[in-house]
Amino acid sequence: MLEAFLRPKSVAVIGASNTPGKVGHAVMANMVKDGFEGELIPVNPRQQEILGRRCYADLGEYGGKVELAVIAVPTAGVIEAVESAARVGARAAVVITAGFKEIGPEGAALERELVARARRLGVRLVGPNCLGILNTHSRLNASFAHHMPPSGGISVISQSGALCTAIIDLAIGAHIGLSALISVGNKADLNETDFLKALAEDDSTRVIVGYLEDITQGNEFIKAAEAVAAVKPVVLLKVGTTQAGKKAASSHTGSLAGADMAYGAAFRRAGVVRAETYEQLFDIALGLSMQPLPAGRRVAIITNAGGPGIIAADAVENAGLEVARLTEETTAAIRAKLPAAASVQNPIDVLGDADAERYVMAAEAAERDPHVDAIMTILVPVAITPPEEIARALTARLHSPKPVLTVFMGAHDVVAAQRVALEAGLPNYTSPERAAAALRAMCEYGEWKNRPTRVVTRFPVNRRRVERILRRHLRMERLQVGEAAAKDILRAYDFGVPAGSLAASAEQAIEVADRIGFPVAMKIASPDVVHKSDMGGVKLNLASPGQVRDAYDLMMLRITQKLPDARIDGVYIEKMCRRGREVIIGMSRDAQFGPMLMFGLGGIFVEVMKDVTFHLAPITAKEAMQMLKSTRSYALLQGARGEIQVDLEGIASGLQRISQLATDFPEIQELDINPFIVREVGIEPMVADARILLRKRGAE
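If you're matching positions, the sequence shown starts at 62 in the working numbering and goes up one per residue.
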C-alpha cells in the first residue's frame, strides 16, 4: 500500500490551479518541473488546462486508474475529494489541506469523520495539514516545497512541514543527498511507525531521519523501530518534552521520570540514535549513510595545525571516545615520511605546509594500525595548503573498512574541498566537536547492533501473595499501598526486608519491638501520609520499651495536629538496618512506553544533582549493570576515595526483580525503594523504605 505514496505510476492533483501562490499550483508546478514520469492528472472544475496538461472537472471524467491523490482543496471539500479518488481506484491520498484538529474541537471532529470515511473506502491518508511527499529516485515532488533536493540515501519523516522546507534547503546548500521526504502532518491515519516500516524495505534508503513532536502508539513504535534499526540506522530529533514530563507523583521515580526520560530510555532499547539538535540530525545521518560503523572507540586524529588537533583530542574524549595509542610501527612509518618538526604521536600533525601526499600517507598508516577504529582528518586553510587537492587525494586513495570523517575548517577557502569530500562519500564537518559527536553516535549504534542476544532472567517468586495484596487494595479502592503491604510484596519477590510488623497501639508497638529486638524504627502507617518524615512520622534507633512508648504517643499527637482528617492504621515497627550506602531503585509506568526503571544514589545525588538513569522493563542483567555504570556516582559505588565497594550485583538484581514485578502486575503505577541499603559483597541489600502506587485495572 505505501508503495503508492513513494512510487506511484499515476497522480491526481485535486485542487490544481493556474494561479501562482496557490498550493494547488505549487504542487502541479513541482510535479512538472521535477520530471515526474508517470501520469499526471490535474483536477479543477474551473480550468481547462494547467501547465500544458488537460484539466478535468472531476476525476469521473478521467477514464484511467489513479494510484495517488494529492488533495489541495478547501477544508469542506476534502472528504468529497477522497471519495472521488476512491471511485477511480486510488488507495493512497496526501491531504495537504489544513483546518482540521490543529484548529480545535470542530476541526478534530471533521478529521475523525475524514479518517472514518477513508477507511470505509479503503484509502490510506497522509496528513492532513502537511507539506506533502517527495521521492528523488522516482522524481516525485507531490509537495509545495520550493525545490527538489539532490538524490541520495537519507530519507526523512517530519511532523513539521516548515522544517521539511528547511531540510530541503540544507540538503541543496550542503550537497546532502536525500531519498524520500515525508511530511506526516496531523498523522490522522498513517504515522511515523507506518513509514519507518516502509522505508526499512526501501532499497534507496540507507538512513532514516525524523523530526517528531510526539509518537503515536509508543509500544508499537518501539517494536517497529527496533526491527528497522537492525536493518538500517534510525536517527530522530524528538522535541516538545520539557513540559510534558511534569506531573504530580508520589515517588522520586515518578517525579523524575518525565517524558524526555521515557523517550530516551525507549530509544536506547530500540537502537534509535537520538540527535540532540537539528545540526546533529544530519551530522549523524551523514556519517551513518556514508561510512562503515567503527569496530571500537579509538580515534586517530590527523591535522595540519596544533590548535585544531588539541581541540579534536578534547572533543574525542569529551564525547566518550578515546584518542588512539598508535603502535610503534605506525609512528615509525609516519616519522620516516614527515619533517622533523612534525608530531608523529596522536594527534598526528603533518604541519601547515602539508600537501596531499602527506595527508594520504598519514591516513593510510592510521588505517593499517590495529589500535585505530576511526580516523578524523582536519585541515585548516593556509596559503600553501591546497584543500581541494587534498580532498581529491583522500577520496581517491582511501577505501578504508574504518570510518573516515573530514573536518575542513573555515568557510570560503574550503568550500570546494568540502563538496569534493561529500560527493565522494566522505562526510565533512565544520568543527572537530561536531565530527566527534557524529562519531560517538556511530559507535553507539554499532555497539547496539553487535549487542548479545537479550536474555531476561525470570526469578522464582511468590506471585500469589502479591495478587492477594493487590486484589485487596483495589477492592477497597486504596491505590496507595502502605509500607507494611509494600514490603510484603517485595518479600514475595525475594528482596531483603528487615523484620517488622504493624502495631495499632503503644502496647502492641512495644510487643513487636521486644519480639524482633532493639533498636527499632517506628513509622506512621496511613494512606494519607505520603512523605512521612515531613509530618514527624518517622522515629529511628528506638532502644527501649520506654522510648517506643514515648515515640508512639508523640507521633500520634503530631500527626493528628497536622493532619486531623488522616486515616491512621497505626505504626510500623521494624528492626533497624545496619548502615551502608543508600541508593534508590524504582519504577514509573509511562503512558506511552510502559514500565521505566530508575536507579540513583541517595541523598544529594538524587535530590539536587538528579544523577539518575532510566531503562525500559523488562531488563537484562547486563542492562541493569549498565544503568549503574551510566551514573556519575558509579565510582563511589566501586569504592573511590576510600569508600567501601558495595555489592553491585545486588543492586542489579534488585532492578531486575522490580522489572519482573512491574511486567507481572500492570496495575502497579509507581514503585519506590528509597533507600535501598547496600553494603559489601556477601551482605544482603535491605529495603529500608518502600512505596507503591496502584492504578485501577484497565486504566490507561
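Glycine included, each C-beta is placed from N, C-alpha and C at the ideal position.
How do the segment 678-692 and the segment 710-726 stand: do at least 3 beta-carbon pairs fall below 8 Å, yes or no?
-> yes
Is V517 closer than 8 Å to M470 when the C-beta atoms are compared?
-> If you number the sequence shown from 1, residue 470 lands on position 409. If you number the sequence shown from 1, residue 517 lands on position 456. No, these two residues do not count as a Cβ contact at 8 Å.
Pick from D416, A454, Q608 and G271: whose alpha carbon is nearest that of K398?
-> For the purposes of this step, residue 398 is taken as the residue at position 337 of the sequence shown. Ranking D416, A454, Q608 and G271 by Cα distance to K398 puts D416 first.
Helix, strand or coil at R115 [DSSP, three-state] = Taking the first residue of the sequence shown as 1, we reach residue 115 at position 54. It is a strand residue.
Grab me the residues of W509's own chain with a C-beta within less than 6 Å of its C-beta, minus the 5 sequence neighbours each way, in chain order.
-> Position 448 of the sequence shown, counted from the first residue, corresponds to residue 509. Excluding sequence neighbours, W509 sits near G332.
Give, in chain order, every unbroken run of the alpha helix (DSSP H) that is at least 4 residues long and sits entirely within the segment 654-689.
-> 665-668
Classify R419 as helix, strand or coil using the three-state DSSP reduction.
-> As a working note, residue 419 is residue 358 in the sequence shown. Here R419 sits in helix by DSSP.
Cα separation between L459 and R429?
-> Locating residue 459 in the sequence shown gives position 398, where the first residue counts as 1. Locating residue 429 in the sequence shown gives position 368, where the first residue counts as 1. Their Cα atoms are separated by approximately 11 Å.
Per-residue DSSP class, three states only, for M617 | Position 556 of the sequence shown, counting from 1, holds the residue named residue 617. Residue state, collapsed to three classes: helix.
So A223 and K258 are in contact, right, with Cβ under 8 Å, and what is the actual spacing, rounded?
-> One-based indexing of the sequence shown puts residue 223 at position 162. One-based indexing of the sequence shown puts residue 258 at position 197. About 26 Å separates the two Cβ atoms, so there is no contact after all.
Which of the three DSSP states, helix, strand or coil, is assigned to V443?
-> Mapped onto the sequence shown, residue 443 falls at position 382. Correct three-state label for V443: coil.
Where G471 falls: helix, strand or coil (DSSP) = For the purposes of this step, residue 471 is taken as residue 410 along the sequence shown, with counting starting at 1. Of the three classes helix, strand and coil, the one that applies to G471 here is coil, per DSSP.
Buried or exposed: where does R640 fall if 16 or more other Cβ atoms within 10 Å of its Cβ makes it buried?
-> To locate residue 640, count along the sequence shown from 1; it is residue 579. R640 comes out exposed.
Hey, how far is the Cα of Y554 from the Cα of V522?
-> Along the sequence shown, read from residue 1 onward, the residue named residue 554 stands at position 493. Along the sequence shown, read from residue 1 onward, the residue named residue 522 stands at position 461. When rounded, the distance between both Cα atoms is 5 Å.
From what residue to what residue does the alpha helix (DSSP H) around M503 run?
-> Counting from one through the sequence shown, the residue named residue 503 turns up at place 442. Its alpha helix (DSSP H) spans residues P493 to K510.
Among V581, G213, R642 and V707, the one whose alpha carbon lies nearest that of V609 | Within the sequence shown, numbered from 1, the residue matching residue 609 stands at position 548. Ranking the options by Cα distance to V609, first place goes to V581.
Straight-line gap, R148 to E128 (C-alpha atoms, nearest Å) | Indexing the sequence shown from 1 puts residue 148 at position 87. Indexing the sequence shown from 1 puts residue 128 at position 67. About 11 Å.
Within the same chain, show all residues whose beta-carbon is closer than 6 Å to that of S404, passing over the 5 residues directly before and after it, in chain order.
-> Locating residue 404 in the sequence shown gives position 343, counting from the first residue. Excluding sequence neighbours, S404 sits near D410.
Considering only C-alpha positions, which residue in the set I283, L273, D263 and P69 is nearest to K293?
-> As a working note, residue 293 is residue 232 in the sequence shown. Minimum Cα distance to K293 is reached at D263.
Straight-line CA distance for I753 to Q730?
-> Reading the sequence shown from its first residue, position 692 is the one you call residue 753. Reading the sequence shown from its first residue, position 669 is the one you call residue 730. Distance between the alpha carbons of I753 and Q730 is about 8 Å.
Considering only C-alpha positions, which residue in the set Y420, G607 and L342 is nearest to A502?
-> Translated into the one-based positions of the sequence shown, residue 502 becomes position 441. Checked all of Y420, G607 and L342; the closest Cα to A502 is L342.
Since T226 and L192 are thought to touch, with beta carbons under 8 Å apart, how far apart are those beta carbons, to the nearest angstrom?
-> Mapped onto the sequence shown, residue 226 falls at position 165. Mapped onto the sequence shown, residue 192 falls at position 131. Indeed, because the Cβ distance is near 7 Å, the residues count as touching under 8 Å.
If you check the beta carbons only, do R628 and S587 fall under 8 Å apart?
-> Counted from its first residue, the sequence shown places residue 628 at position 567. Counted from its first residue, the sequence shown places residue 587 at position 526. Result yes, Cβ atoms of R628 and S587 sit closer than 8 Å.
Using CA coordinates, which residue listed in M637, I233 and L563 is at the minimum distance from R39?
-> This structure cannot speak to residue 39, because the chain is shown only from 62 to 761.
Spatial distance of S566 from L709 (CA atoms) | The residue labelled residue 566 in the question sits at position 505 within the sequence shown. The residue labelled residue 709 in the question sits at position 648 within the sequence shown. C-alpha separation (whole angstroms): 40 Å.
How should E544 be labelled, buried or exposed, when 16 other C-beta atoms within 10 angstroms of its C-beta is the threshold for buried?
-> If you number the sequence shown from 1, residue 544 lands on position 483. So E544 counts as buried.
Determine, using beta carbons only, whether T364 and A376 come nearer to each other than 8 Å.
-> Within the sequence shown, residue 364 is the residue found at index 303, counting from 1. Within the sequence shown, residue 376 is the residue found at index 315, counting from 1. Contact flag unset, no.
Under the three-state reduction of DSSP, which class applies to P103: helix, strand or coil?
-> For the purposes of this step, residue 103 is taken as the residue at position 42 of the sequence shown. P103 falls in the strand class under three-state DSSP.
Answer with buried or exposed for T674, where buried requires no fewer than 16 other C-beta atoms within 10 angstroms of its C-beta.
-> Residue numbering aside, residue 674 sits at position 613 when the sequence shown is read from its first letter. With 16 or more Cβ atoms within 10 Å of its Cβ, T674 is classed as buried.
Chain-order list of residues whose beta-carbon lies under 6 Å from that of A749 (same chain, five-residue window excluded) | Along the sequence shown, one-based indexing puts residue 749 at 688. Within the same chain, A749 has close Cβ partners C638, P736 and I738.
C-alpha distance - R495 paired with A678, whole-angstrom precision | Mapped onto the sequence shown, residue 495 falls at position 434. Mapped onto the sequence shown, residue 678 falls at position 617. Answer to the nearest angstrom: the Cα atoms are 33 Å apart.
Could you give the uninterrupted runs of the beta strand (DSSP E) lying entirely in the segment 220-249, keeping only those of 3 residues or more?
-> 239-244
Exposed unless 16 or more other CB atoms sit within 10 angstroms - verdict on I445 = Sequence index remark: in the sequence shown, residue 445 carries index 384 (1-based). Per the 10 Å Cβ criterion, exposed.
Tell me whether S694 is buried or exposed, calling it buried when 16 or more other Cβ atoms sit within 10 Å of its Cβ.
-> To locate residue 694, count along the sequence shown from 1; it is residue 633. Flag for S694 reads buried.
Leaving out five residues before and five after G557 in sequence, what residues of the same chain have Cβ atoms less than 8 Å from its Cβ?
-> Taking the first residue of the sequence shown as 1, we reach residue 557 at position 496. Around G557: E745, P746, M747 and V748.
Sorted by chain position, which residues of the same chain lie with C-beta nearer than 6 Å to L347's C-beta, five sequence neighbours on each side aside?
-> For the purposes of this step, residue 347 is identified with residue 286 of the sequence shown, where counting begins at 1. Closer than 6 Å at the Cβ level, and outside the excluded window around L347, lie P488.
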